[in-house]
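For reference, the structure is listed below as structure tokens.
Protein chains: 2
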Amino acid sequence: MTPARKRVTLRDVAARAEVSVAQASFALNGRGRVAPATIERVRRAAAELDYQADSRARRLRTGERSAYGVIIRNMRNPFFLDVLRGMEVRAHRQGAFLIILSSDYDVEREGAALRRLGTEGVGGVAIAPIGRHGPLTEWLPRHPDIPVVAFNCTSDPSVGRVSTVGPDDGVAITLALEHLRVRGHRGATLVMAPEGLAADWGREEEFYRRCAEWGLAGTVVRCPLDHAGVARMATERMGAGTGHEAFVVNSDYLGAAVYDAARALDLRVGRDVSVIAHDDLPTSALLAPGLTTLRLDRESLGDHVMRLLSEPGEPETVRLPVRLVDRGSVARLDG
Amino acid sequence: MTPARKRVTLRDVAARAEVSVAQASFALNGRGRVAPATIERVRRAAAELDYQADSRARRLRTGERSAYGVIIRNMRNPFFLDVLRGMEVRAHRQGAFLIILSSDYDVEREGAALRRLGTEGVGGVAIAPIGRHGPLTEWLPRHPDIPVVAFNCTSDPSVGRVSTVGPDDGVAITLALEHLRVRGHRGATLVMAPEGLAADWGREEEFYRRCAEWGLAGTVVRCPLDHAGVARMATERMGAGTGHEAFVVNSDYLGAAVYDAARALDLRVGRDVSVIAHDDLPTSALLAPGLTTLRLDRESLGDHVMRLLSEPGEPETVRLPVRLVDRGSVARLDG
DNA sequence: CCCCTCTGGTGAATCGTTTCATCAAGAAGT
DNA sequence: ACTTCTTGATGAAACGATTCACCAGAGGGG
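Line by line, the protein sequences give chains B and Y. Its first residue numbered 139, the first sequence is counted upward by one per residue in the working numbering. Its first residue numbered 139, the second sequence is counted upward by one per residue in the working numbering.
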């Protein structure tokens, strides 16, 4: 039945321990010269009053930044959850926490999120950008003291100070095309975000290079990277009847969209149409047939991102290992 | 090539516009009496200097709280992503943002997360608690002014001021058992978190009540609610060979674990074993057979949570509608 | 006896905002 | 001409912490 007390402040603690506010602060933080007896007294007073330092005030004074901003593209993609988890684990160890915003593949919102984080006194920003030369290019020079790490995108050399963490796209594309080639495929279709949004520019380049090298007919199609967008795109292409199509998509999440499209057209994945996805989400093994996918340790990705944010130094480009998990969503075309 | 400037403060803006700091603040916030000409001058100065108010300082002064804390149980469950998205959408409209922490089904971490949010000057806390009488019971009276909404758990009448949002468990259980009954099942197995952790106590009660009413043999098993835990539990029970087993689990995510276990034992879901899950995640339609599941609008859940946080009033219990999506993971036992 | 060091402690400045109380000066009312 | 209002503006006090600069006194050495 205690009446709704006001917030208990350091002043209250000091009063109760009969010392100055300064001494109380020192005692609790173990900074200045404080007699052991005093420390004890302050500690007890703090405990009795259930004192908790207001971290807004603390940070205002110290300039310390214990919040990190994360801007992800899509709150519905399980991929990001694991990345967040990796980040969160490390952040937790450091007593930091994450502010999570979603750009929803919208340049406006990406810009708004960046601005917000700028005023928030954040210790660093991790961003999965939705395109090159987006709002980030403007934002960066205005916040020269905030470390930035971009993940899941190829590094944009035009913005010097950002580190990059992502799958090794070169290896990924090579693995995928190799997998198709040895199964007798003569071509492949790489699914990417629409022109202005594509952040993984290097992937396309590598794709064409490998296709040329191995004599495959490489096609790049662009469509909105959500379930509906990919499903529609896949339906159109399969309906066009240009022969067997092998899709390489960005995420298992989108691989599932191809399954949907195939089912609607009465085609069978792994026989009439082939899919190679990225990510290896937990449910992908349970699809029928299982989804062949490029596996990446997502938590480790998050861990790297957080490491780069909290120990800033020279910009770094981390390419994480990728391996192909074959589950049968790619047809054998050579009998 | 501008040298790394110091942070631009309101004082700088005021100086440049040749007014007092107070007047500058008023001009930008449209509060006091300011001559139109002055407003214009201050605005321009702010724009030229690219001034952004430091929100830590602002909030320290105003006591305004534009951050909301979310404590989820498991960063790997896609369920929470949609909830977060629902929250984020509404938060974004209000200019607020989310601080996301994960309890990882660990009471210690749950407590730590709560304490952290307490010092963070957060405007409200949304929590998916991992058990009754957890750290929340201690925390609540210490922070009488912070609204709290619990989601995905049955309301605990012992803590008066928290609102609750979740699926209508009564309807959910009824739908599930009805589905089993009309397919000739004589029993059902409800999978729940271990004793100390179960936060959805009402579900169990309802389960027993319905089973009794319809003459079903109801069993409650408890195991860690992650993929491995459920897979192990399911393997054990199916291996015991006590006849056909029909599992009712908390989440599609865990339903998939039963599929795994069944496959390992060479049993077929929908024939040798039955599963009803909750959530209807996007991939569940693609399993073979499709997962029969209880659908809930997760974004709307998040929206409700955020609404209750930002417009606090009398504690409220929101039960969201649930409907059963039949995809064939329940066997027909009566031929 | 004087000077110096060391310990424990304090008042006040500071971080960047918002906002209260006050004020000057001109307009308006009587 | 004297009061009263209104407008535009200002200095300073918050918010709640950290920390700098200073101080009293005890003890030690010469």
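Backbone N, C-alpha and C fix where the C-beta goes; we use that ideal spot for every residue, glycine too.
- Between Gly-259/Y and chain B, the shortest Cβ-Cβ separation is below 8 Å.
- Under the three-state reduction of DSSP output, Val-157/B falls in the coil class, being neither helix nor strand.
- Between the beta-carbon of Met-225/Y and that of Val-245/Y there is about 24 Å, and that puts the pair past the 8 Å contact cut.
- Contact note: Glu-452/B does not reach chain Y at a C-beta cutoff of 9 Å; the least C-beta distance is about 16 Å.
- Chain Y has a Cβ within less than 8 Å of the Cβ of Glu-226/B.
- At least 8 Å separates the beta-carbon of Arg-321/Y from that of Ala-415/Y.
- Close partners of Leu-219/B in chain Y (Cβ separation under 7 Å): Met-213, Arg-214, Pro-216, Leu-219.
- With a threshold of 8 Å between beta carbons, Tyr-397/Y makes contact with chain B.
- For Tyr-206/Y, the uninterrupted beta strand (DSSP E) segment begins and ends at 205-210.
- For Gln-161/B, the nearest beta carbon of chain Y is not closer than 8 Å to its own beta carbon.
- Among the residues facing chain Y, Gln-232/B is not included, as its CB has no counterpart in that chain under 8 Å away.
- At the C-beta level, Arg-299/B and Val-286/B come within 8 Å of one another.
- Nearest CB-CB separation between Leu-447/Y and chain B: not below the 8 Å threshold.
- Cβ-Cβ separation between Leu-252/Y and Tyr-206/Y: approximately 14 Å, too far for a contact (criterion under 8 Å).
- Bridge partners of His-416/B according to DSSP: Leu-432/B.
- DSSP places Ser-193/Y inside the alpha helix (DSSP H), whose first and last residues are 193-200.
- According to DSSP, Arg-181/B shares a beta bridge with no other residue.
- Below the 7 Å Cβ cutoff, chain Y contributes Ile-237, Leu-239, Arg-254 as neighbours of Phe-235/B, in chain order.
- If the five residues before and after Ala-184/Y are omitted, its C-beta is found closer than 7 Å to the C-beta atoms of Val-151, Leu-166, all from its own chain and listed in chain order.
- Scanning its chain for C-beta atoms nearer than 6 Å, with the 5 sequence neighbours on each side dropped, one finds around Val-460/Y the residues Pro-305, Asp-306, Val-309, Ala-310, Leu-432, Leu-434, in chain order.
- For the pair Ser-193/Y and Glu-258/B, the Cα-to-Cα distance works out to about 6 Å.
- Per the DSSP secondary-structure output, Met-330/B pairs in a beta bridge with Arg-360/B.
- Within the model, the alpha-carbon separation for Ala-369/Y versus Asp-398/Y is close to 7 Å.
- Between Asp-417/Y and Phe-217/Y, the beta carbon gap of about 5 Å places them in contact (Cβ cut-off 8 Å).
- Listed along the chain, the chain B residues whose CB falls inside 9 Å of the CB of Ala-191/Y are Thr-257.
- Judged by DSSP secondary structure, Val-263/B falls within the beta strand (DSSP E) whose first and last residues are 262-265.
- For Leu-222/Y, the residues of chain B that pass the 7 Å Cβ criterion are Met-213, in the order they occur in the chain.
- DSSP, read as helix, strand or coil, puts Gly-377/Y in helix.
- Distance between Arg-203/B and Thr-200/Y, taken at the CA atoms: about 20 Å.
- For Arg-409/B, no CB of chain Y lies under 8 Å from its own CB, so it is not counted at the interface with that chain.
- For the 8 Å CB-CB criterion, Ala-162/B and Val-443/B do not form a contact.
- Using a CB distance cut-off of 8 Å, His-323/B does not count as an interface residue toward chain Y.
- The beta-carbon of His-416/B is placed no less than 8 Å from the nearest beta-carbon of chain Y.
- Per the DSSP secondary-structure output, Leu-425/B pairs in a beta bridge with Leu-425/Y.
- Between Leu-462/Y and chain B, the shortest Cβ-Cβ separation is not below 8 Å.
- Between Glu-383/Y and Val-411/Y, the C-beta gap is smaller than 8 Å, which places the two residues in contact.
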